[in-house]
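Residues in the sequence shown are numbered consecutively from 0, following numbering that gives the first Met the number 0. Taking it in order: structure first as structure tokens, then the write-up.
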Amino acid sequence: MPEEAAPAVAPQGLEGVVAASTSISSVQDGFLQYRGYNIDELAPNAEYEEVAYLLLNNELPKAAELAAFKKQLVEARALSPYLMGILRSTSRKAQAMDVLRTVISASSTEEPEEADNARDAEYRKAIRLTAKMPVILAAFMRLQKGEEPVAPDPSLGHAANFTRMAFGDKAAALAPRVLNTCFILQAEHGMNASTFAARITAATLADMYASVTSGLGALKGPLHGGATDGTMIMLDQVGSVANVPAFVKKGFENKYKFPGFGHRVYRTVDPRSKFLRSFAADLQKSWKGTPYYDIQEALVEEVNRHRHFPVNVDYYAATTYTFLGIPAELGTSIFAIGRVAGWCAHVMEQHGDNRLIRPESLYTGPTGKKWAPAASR
Ligand SMILES: CC(C)(COP(=O)(O)OP(=O)(O)OC[C@H]1O[C@@H](n2cnc3c(N)ncnc32)[C@H](O)[C@@H]1OP(=O)(O)O)[C@@H](O)C(=O)NCCC(=O)NCCS
């Protein structure tokens with residue numbers, strides 16, 4: 000057999016490379032399915048807890064299974080004095096994604112089953128991680144405002160409890176329903192960068208906490224979940240609908256990457272964005288500040304006049320969160336609350352049929368150089 004020639008260039012960004020087989024979700028242009036269920040079915044109808052169960056268990060829960068799963072989530076919500084101590088000693092100016100990553104990483108040191116990568120233990124850890132993430136964020140949001148964190152309410156579901164813990168009776172009436180849908184839409188997305196990061200870590204046989212911490216690190220970047228926060232920064236820079244044409248013209252001239260636009264897989268439409276767009280449109284009606292949604296609509300038209308880019312999940316999620324009263328710099332961390340179930344499902348899938356992920360690189364540097372003592376270089 001003749002030896003196969005190495006490719007002249009490595010596929011940049013691994014575009015088109017299939018890095019793993021998965022039965023968790025299918026992402027194709029315009030379509031997203033979780034375990035065979037189209038998100039168009041799940042997003043308007045399901046509870047986040049049902050979707051988390053689906054991702055972790057391969058099938059939607061029956062009523063008794065859902066009740067038991069919800070109970071397990073409720074029981075896993077409380078934060079230890081150690082974790083509360085970290086939150087209290089963290090600067091109020093810290094970035095929420097850094098806080099989430101730090102506290103989740105720290106929580107591994109209290110995890111009784113940390114080193115156990117067996118399926119049952121990982122399932123219990125996935126429940127603990129999924130339950131704690133919104134509680135950590137809500138407590139941090141309170142501390143940022145100079146308020147005392149409040150205890151979780153066992154009578155409330157995932158999204159409603161987060162809303163109450165973060166906002167108390169100041170919460171927008173629609174917040175639990177809207178956030179429930181947002182968490183579902185963000186829950187899972189094939190081999191996105193943070194999931195890939197989590198799987199690479201899992202494939203070394205590191206534990207679920209290490210893997211989720213890797214996922215949180217990758218999600219923060221502005222080309223991934225960081226685009227949620229980036230969208231709000233952009234909208235504030237634009238400032239008004241009248242400024243849109245000049246902003247877009249200058250943006251294209253300077254090769255600016257408009258946050259919330261473009262996607263590696265979705266070339267025509269991101270199937271998640273229609274739900275979020277409709278939330279943003281509705282919520283702006285009772286919003287007193289800058290008309291961000293109007294600016295967004297004008298931006299979409301103007302950007303697409305120059306070049307077609309679909310808006311992605313982050314674009315209208317950003318304004319949806321803002322209109323619900325969530326500070327602009329916390330949008331990416333809301334994304335993380337939804338995505339944790341997907342990361343955990345991928346860690347379990349990776350550990351269920353593992354092989355170290357270790358691709359090669361195409362060396363493009365010099366060869367054959369000779370070492371000499373520092374004094375004679
Ligand atoms: C999501 C994203 C990282 C996908 O990147 P990708 O598949 O590697 O695509 P590329 O960055 O190679 O983009 C291809 C072309 O489209 C342009 N492009 C892609 N997204 C763009 C954006 N948001 N604004 C302006 N131009 C964009 C690139 O500049 C490039 O142009 P070129 O062909 O003239 O060189 C990219 O679209 C982006 O940076 N978007 C903004 C950040 C964002 O919203 N991220 C969240 C993703 S869910």
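Built from N, CA and C at the ideal position, the CB exists for glycine as well.
- Around Pro175, the same chain offers Ala158, Ala159, Thr162 as residues with beta carbons nearer than 6 Å, after the five sequence neighbours per side are excluded.
- Nearest C-alpha to Gly330 among Pro258, His345, Gly351, Pro365: Pro258.
- The alpha helix (DSSP H) runs of length 4 or more contained entirely in the region 162 to 197 are, from start to end of the chain, 174 to 185.
- Around Tyr33, the same chain offers Ile23, Ser24, Leu41, Val50, Leu53, Leu54, Ala186, Glu187 as residues with beta carbons nearer than 8 Å, after the five sequence neighbours per side are excluded.
- With fewer than 16 other beta carbons inside 10 angstroms of its own, Asp28 counts as exposed.
- Distances from the alpha-carbon of Ser272 to those of Asn57, Val211, Pro60, Tyr314 put Tyr314 closest.
- Judged by DSSP secondary structure, Tyr33 falls within the beta strand (DSSP E) whose first and last residues are 30 to 33.
- Relative to ligand 1, Pro244 has its C-beta separated by 6 Å or more from all heavy atoms.
- Note that the region 121 to 130 touches the region 98 to 113; at least 3 beta-carbon pairs, one per stretch, sit closer than 8 Å.
- Scanning its chain for C-beta atoms nearer than 6 Å, with the 5 sequence neighbours on each side dropped, one finds around Leu361 the residues Ala9, in chain order.
- The continuous stretches of beta strand (DSSP E) do not include Ser213, which lies in the alpha helix (DSSP H) extending over residues 207 to 218.
- Straight-line measurement puts the Cα of Phe308 at about 11 Å from the Cα of Lys256.
- Burial state of Ile232 is exposed, judged by a 10 Å Cβ sphere holding fewer than 16 other Cβ atoms.
- Using a 10 angstroms sphere on the CB of Asn242, the tally of other CB atoms stays under 16, which defines it as exposed.
- The three-state reading of DSSP puts Val310 in strand, counting E and B together.
- Note that the region 78 to 93 touches the region 130 to 137; at least 3 beta-carbon pairs, one per stretch, sit closer than 8 Å.
- For ligand 1, no non-hydrogen atom lies closer than 6 Å to the CB of Asn253.
- Between Arg118 and His345, the C-beta spacing is not below 7 Å.
- Of the residues assessed, Asp152 falls on the exposed side of the cut-off, its CB having fewer than 16 other CB atoms within 10 angstroms.
- Using a Cβ-Cβ distance cut-off of 8 Å, the region 353 to 371 and the region 265 to 280 are not in contact, since fewer than three pairs of beta carbons, one from each stretch, lie closer than that value.
- The region 189 to 205 makes contact with the region 214 to 231, as at least three CB pairs between them are under 8 Å.
- A straight-line Cα-Cα distance of about 7 Å links Ser332 and Leu99.
- Sixteen is the threshold: when 16 or more other Cβ atoms of the shown chains lie within 10 Å of the Cβ of Gly261, as they do, the residue is buried.
- Between Arg91 and Gln143, the gap from beta carbon to beta carbon is short of 7 Å.
- Nearest to Gln349 by C-alpha distance, out of Ala172, Val211, Thr227, Ser375, is Val211.
- About 13 Å separates the Cβ atoms of Phe182 and Ile325, ruling out a contact at the 8 Å cut-off.
- According to the DSSP assignment, Val243 belongs to no beta strand (DSSP E) but to the alpha helix (DSSP H) extending over 243 to 252.
- Judged by DSSP secondary structure, Ser332 falls outside any beta strand (DSSP E) and instead within the alpha helix (DSSP H) spanning 330 to 351.
- Counted as a single uninterrupted DSSP element, the alpha helix (DSSP H) harbouring Ser88 occupies residues 80 to 88.
- With contacts defined by Cβ atoms closer than 7 Å, Glu48 and Lys61 do not form a contacting pair.
- Closest in C-alpha terms to Ala297, from the list Ala316, Glu146, Glu328, Leu234, comes Leu234.
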